[in-house]
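Below is one structure; the comments refer to it alone.
Numbering (the working numbering), first residue to last: 37 to 375.
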């Protein structure tokens, strides 16, 4: 059963044994939030392969649960225990409020080609966000999309009324909670390792994730009603401990940048068509799964509730958030106009 992947998080004590205080380690440690073969894992191993093929360095990759939850691996990176970390803005938002911009519903389009072009060319993504991450002693190397968000629930939904009082699991992200309050649900923060069990026991009534993760984590087994609302994409970011990165030689900095770019290109190719493949696997595995793709009128009922979330984002982030949001929208308009 796929739920067996959701194990109790491991101790990090072994990671600390024998560590030196030298910033530039020969064996670099890299942790991410997902399982073997998932998108962040694909990125990590492409990065590892480039580093090891072009230097004497090695990269040790830690997957979800091996060093704890997402918050744990970020703390370990900031403390210099890990050199690299992959964490979504859903968690980073507690450190960098502006990163919550990705949780403004209906800000990003659902068209995959447009989204990928946006991440390639966006000034907000590639110039403004690195400055925000640097303030938290993090060197932002790449931001990239993983897939369209899909809501899974214990019953079919097609309108905000259907979410009334539904306990929907959210990350520890104030704006995501605001989104689900706007949608009519009761947002319920819960660590990822407890989501499967929470769905199985009724602690929560639903959750949201990209379809590949719904398949990988077996969430459809206990939350079989899938709804495509078109409200956003799951985005993640790969970064380095700033002190570690700053201590690298120019040659190694270039190596890390090249490896990040190579991993990004490889991962973008990987996610093309990934959602369709994952959905096909889910439907082949379970006869109980239902798939609802909202039509434009149904989507509009959710979209009408988005402005209050944008207003909350601006209240949380002030002038810097306003500047980022304006650039974000300008970047989106630019890639849309190119079509």
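The C-beta atom is built at its ideal place from N, Cα and C for all residues, glycine as well.
Legend entry - Beta-carbon spacing of residue 140, residue 345 below 7 Å: Locating residue 140 in the chain shown gives position 104, where the first residue counts as 1. Locating residue 345 in the chain shown gives position 309, where the first residue counts as 1. A contact, by the Cβ cut-off of 7 Å.
Legend entry - Counted within 10 angstroms of its Cβ, other Cβ atoms place residue 343 as buried (16 or more) or exposed: Stepping through the chain shown from its first residue, residue 343 is reached at position 307. Label assigned to residue 343: exposed.
Legend entry - Inside the stretch 153 to 205 only - alpha helix (DSSP H) runs reaching at least 4 residues: 165 to 170
Legend entry - Straight-line Cα distance separating residue 299 from residue 323: Here residue 323 is taken as the residue at index 287 of the chain shown, counted from 1. Here residue 299 is taken as the residue at index 263 of the chain shown, counted from 1. Roughly 36 Å between the two C-alpha positions.
Legend entry - Beta-carbon contacts of residue 371 that lie in its chain and below 7 Å, excluding the five residues immediately before and after: Your numbering for residue 371 matches position 335 in the chain shown. Cβ within range, chain order: 150, 153, 154 and 157.
Inset, instruction - At 3 residues or longer, and completely inside the stretch 240 to 287: list those beta strand (DSSP E) runs for me, N to C. - result: 242 to 246, 261 to 264 and 269 to 277
Legend entry - Limits of the unbroken beta strand (DSSP E) element including residue 325: Translated into positions along the chain shown, residue 325 becomes position 289. From DSSP, residue 325 is part of no beta strand (DSSP E); its letter is neither H nor E.
Inset, instruction - Starting from residue 359, trace the beta strand (DSSP E) both ways and give me its first and last residue. - result: Taking the first residue of the chain shown as 1, we reach residue 359 at position 323. Here residue 359 belongs to no beta strand (DSSP E); instead the alpha helix (DSSP H) covers 343 to 373.
Inset, instruction - Please name the residue in 361, 99 and 84 whose C-alpha comes closest to that of residue 229. - result: In the chain shown, the residue the question calls residue 229 occupies position 193. Ranking the options by Cα distance to residue 229, first place goes to 99.
Inset, instruction - Identify every residue that forms a DSSP beta bridge with residue 63. - result: The count along the chain shown starts at 1 and reaches residue 63 at position 27. In DSSP, residue 63 forms a bridge with 94.
Legend entry - Simplified DSSP assignment, three categories, for residue 141: Translated into positions along the chain shown, residue 141 becomes position 105. Coil at residue 141, not helix or strand.
Inset, instruction - For residue 121, write down the residues that DSSP places opposite it in a beta bridge. - result: Here residue 121 corresponds to residue number 85 of the chain shown, with the count starting at 1. Note: residue 121 sits in a beta bridge opposite 67 and 275.
Legend entry - As assigned by DSSP and simplified to three states, the class of residue 222: Taking the chain shown and counting its residues from 1, the one referred to as residue 222 is at position 186. Here residue 222 sits in strand by DSSP.
Legend entry - Alpha-carbon spacing of residue 364 relative to residue 170, whole angstroms: The residue you call residue 364 lines up with position 328 of the chain shown. The residue you call residue 170 lines up with position 134 of the chain shown. Cα-Cα distance, rounded: 19 Å.
Legend entry - CB contact flag (residue 250, residue 188, <7 Å): In the chain shown, residue 250 corresponds to position 214, counting from 1. In the chain shown, residue 188 corresponds to position 152, counting from 1. In this structure, residue 188 lies closer than 7 Å to residue 250 by Cβ.
Inset, instruction - Could you pull the start and end residues of the alpha helix (DSSP H) that residue 112 belongs to? - result: Your numbering for residue 112 matches position 76 in the chain shown. Here the alpha helix (DSSP H) through residue 112 covers 106 to 114.
Inset, instruction - For residue 93, collect the residues of the same chain with a Cβ closer than 7 Å to its Cβ; drop the 5 residues on either side in sequence, then sort them by chain order. - result: As a working mapping, residue 93 is identified with position 57 in the chain shown. Same-chain partners within the cutoff: 62, 64 and 87.
Inset, instruction - Report yes if the C-beta distance between residue 185 and residue 268 is below 7 Å; otherwise report no. - result: Here residue 185 refers to the residue found at position 149 of the chain shown. Here residue 268 refers to the residue found at position 232 of the chain shown. Yes, the pair counts as a contact, with Cβ atoms nearer than the cut-off.
Legend entry - Spatial neighbours of residue 360 in its chain, beta-carbon cut-off 7 Å, leaving aside the 5 residues before and after: By one-based count along the chain shown, residue 360 stands at place 324. The answer, listed in chain order, is 134, 137, 160 and 164.
Legend entry - Per-residue burial, residue 50 [other beta carbons within 10 Å of its own, 16 or more giving buried]: Sequence index remark: in the chain shown, residue 50 carries index 14 (1-based). The pLDDT assigned to residue 50 is 46, lower than 50, so where the model puts this residue is not dependable; a value taken from the coordinates is nonetheless given after this. Counting Cβ neighbours within 10 Å, residue 50 comes out exposed, since fewer than 16 surround it.
Legend entry - Distance between beta carbons of residue 223 and residue 216, contact taken as under 8 Å: Here residue 216 corresponds to residue number 180 of the chain shown, with the count starting at 1. Here residue 223 corresponds to residue number 187 of the chain shown, with the count starting at 1. Indeed they touch by this definition, with Cβ atoms about 4 Å apart.
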